[in-house]
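Numbering (our numbering), first residue to last: 7 to 140.
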Amino acid sequence: MTSPTPLESVLNFLRAIEAGGGPAEIAPLLAEDYTLSEAPHLLAPAGATRNRDEALAGAAAAHQVVSGQRFLVRRTTCEGTRVVLEADWSATLLMDLPHWNSGEVIRARIAAVFEVRDGTIVSQDSYDCYFAPA
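Structural data, given as structure tokens:
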């Protein structure tokens, strides 16, 4: 069996999140040395860097915060093992957050750079722009 292409690996990751996947579903898509770097944004003004275990813990906790995550992929660019993705993300809040109330749909325009090795994601650098309610 051949490994998925880097783009297929990234799209499989997004599909797993959309399907409500938790750590068990997401873990096989991430390399053991996976790192997630988030640039500063509305919900994390200082940004964040997480290793694989921390990212999987975040995926587990996300089920307490949001439901119905969706990605509308606008554009992808692939070069070798690198995938750049631009998408619109949305989810329904299950709790109050700064700027939003439980039940509201939260939206962000995202850009992310993924590095893929042997069909698993090694790194993800995310640049999320959340749309705050007026």
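Just so you know, even glycine gets a beta-carbon here, dropped at the ideal spot from N, CA and C. Every value quoted in this text rests on a predicted model; they were computed, and no experiment measured them.
Buried or exposed: which applies to A122, given that a residue is buried once 16 or more other Cβ atoms fall within 10 Å of its Cβ? Per the sequence shown, residue 122 should be read as Val rather than Ala. It is buried - the Cβ of V122 has at least 16 other Cβ atoms within 10 Å.
Which residues share a DSSP beta bridge with V16? Note: V16 sits in no beta bridge, so no partner.
What does the alpha-carbon distance come out to for the pair T98 and G28? 17 Å
Once you ignore the five residues that flank E31 on each side, which residues in its own chain have a CB closer than 8 Å to its CB? A22, A25
Would you mind sorting L78 into buried or exposed? The rule is 16 or more other CB atoms within 10 Å of its CB. exposed
Looking at chain D, is there any beta carbon in it that lies within less than 8 Å of the beta carbon of A66? Given the protein chain composition of this structure (a single chain), no chain D is represented.
Collapsed DSSP secondary structure at L42 in the structure displayed: strand
Cα-Cα, which of H105, L42, L13 is closest to R88? L13
Determine the burial state of Q130: buried for a count of at least 16 other Cβ atoms within 10 Å of its Cβ, exposed for fewer. buried
Please confirm whether Y136 and I112 have their CB atoms less than 8 Å apart. yes
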